Amino acid sequence: MSAQQPDRHPRDRLLRELSLLDATFLVVASVIGSGIFLTPGRIADLLPHAGLFLAVWVAGGLLSLAGALANAELGAMFPHAGGDYVYLREAFHPVAGFLVGWLSFFVIQAGTVATLATGFSAGLAELVPLSSSQQIALAVVLVLGTSLLNYYGVRHGARANNVTSFLKIAALVLFVVAGLATGRGEVARLATSDLGSSAISFSAFGLALSPVLFSYLGWNASVYVASEIRDPARNVPRSLFVGLAFVIVIYLAVNALYLYAVPLPALRQTANAGEATAAALFGPVS
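Numbering (this note's numbering), first residue to last: 3 to 288.
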């Protein structure tokens, strides 16, 4: 970095302990979540054509890659902790950075963490009997536990994220491979249509992009910890591109499996595509 643009803020004492693998897994873990299971039904209803259904996932991934390109440049220029806070502070005024920083802390990030914790508890409650109060208690414990883990040390948090990310990816890959191995679906469904005599409008494609982009949220996760990434000028951009490219491939494979397993008219009425696909390929849970 030049003398005019220091490597970090004078008060930044964070250690650069995160590798490219750590940063990439952070992106993957931040993106892949419940969206890949809950949004496909709505998308299929808006785009009742298998080709367009898959195309909109590609379009959403390319739009996210465009955002990653901009963030990669900013992350290389300002490899500091804070992400959007830093960029708005440098581009406009410290007040702009201050406002978005506190907005992220109190609303965006806090709401995201709470949603993930309660979603995990609600999902676990379908397997293990848990009352409403017990689900809330478990969500609180999860938030406190993960916060303490990251507070204890960035390496500990990175290792935990790497392990859970690997398990998440492995589960999705196994889901796709095992689902195809059952032979209970139909490859012809990947080219089917449920349009009838109607045509899909451009506005429908745009509306379908909304839940798709929701499912890609989190693609810029590594820029927020740029102060802790080794060689950030190289590894921040690489983590964004590699992580997001990997997610696009996973999303396309999973959505292709949905079409393979569930007829398009039925998929349009499905609230949880992952659950419907599992039931169609492996049978209902006894």
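Every residue, glycine too, gets a C-beta built ideally from N, C-alpha and C.
A quick note: this is a predicted structure, and the numbers were derived from the prediction, not measured.
Buried or exposed, going by whether 16 or more other CB atoms sit within 10 Å of the CB of residue i?
i: P50; result: buried
i: R320; result: There is simply no residue 320 to check, as the chain begins at 3 and stops at 288 in what is shown.
i: S135; result: exposed
i: A183; result: exposed
i: F107; result: exposed
i: V179; result: exposed
i: R270; result: buried
i: F204; result: exposed
i: L23; result: exposed
i: S167; result: buried
i: T279; result: buried
i: A190; result: exposed
i: I38; result: buried
i: A223; result: buried
i: G187; result: buried
i: V227; result: buried
i: V342; result: The structure shown does not extend to residue 342, since the chain is modelled only from 3 to 288, so the question has no answer here.
Is residue j closer than 7 Å to residue i when the C-beta atoms are compared?
i: G35; j: A273; result: no
i: A52; j: A193; result: yes
i: N257; j: W104; result: no
i: G113; j: V225; result: no
i: Y218; j: S66; result: yes
i: V88; j: F80; result: yes
i: V145; j: V115; result: yes
i: F248; j: N163; result: no
i: Y260; j: A275; result: yes
i: G185; j: V33; result: no
i: L90; j: G77; result: no
i: G181; j: L283; result: yes
Assign residue i to one of three DSSP states: helix, strand, or coil.
i: A83; result: strand
i: A5; result: Because A5 carries a pLDDT of 41, less than 50, the predicted location of this residue cannot be relied on, and the following value inherits that uncertainty. Of the three classes helix, strand and coil, the one that applies to A5 here is coil, per DSSP.
i: I231; result: strand
i: L20; result: strand
i: S133; result: coil
i: H51; result: strand
i: S195; result: strand
i: L101; result: helix
i: Q111; result: helix
i: L176; result: helix
i: A162; result: helix
i: V256; result: helix
i: P286; result: coil
i: S217; result: helix
i: G245; result: helix
i: T279; result: helix
i: R44; result: helix
i: N274; result: coil
i: F39; result: helix
i: F207; result: helix
i: E188; result: coil
Rounded to whole angstroms, what is the Cα-Cα separation between residue i and residue j?
i: T120; j: I138; result: 7 Å
i: I202; j: A46; result: 12 Å
i: L48; j: P213; result: 11 Å
i: A160; j: Y153; result: 11 Å
i: A83; j: L16; result: 9 Å
i: Q262; j: A25; result: Sequence inspection shows Tyr at residue 262; the Gln mentioned does not correspond to that position. Their backbone Cα atoms lie some 33 Å apart in a straight line.
i: G131; j: L197; result: In the sequence under discussion, the amino acid at residue 131 is Pro, which differs from the Gly named in the question. Cα to Cα, P131 sits roughly 42 Å from L197.
i: A206; j: A268; result: 19 Å
i: G208; j: L64; result: 14 Å
i: L266; j: L101; result: 45 Å
i: R240; j: A57; result: 25 Å
i: L40; j: S229; result: 34 Å
i: R18; j: G69; result: 25 Å
i: R232; j: S133; result: 44 Å
i: R236; j: V30; result: 18 Å
i: F55; j: P96; result: 43 Å
i: L71; j: L140; result: 38 Å
i: S149; j: L174; result: 26 Å
i: L169; j: E92; result: 38 Å
i: L246; j: S21; result: 17 Å
i: P234; j: I250; result: 23 Å
Going by the C-beta, is residue i closer than 6 Å to any heavy atom of the ligand GDP?
i: L266; result: Questions concerning the ligand GDP fall outside what the structure shown contains, since it holds no ligand whatsoever.
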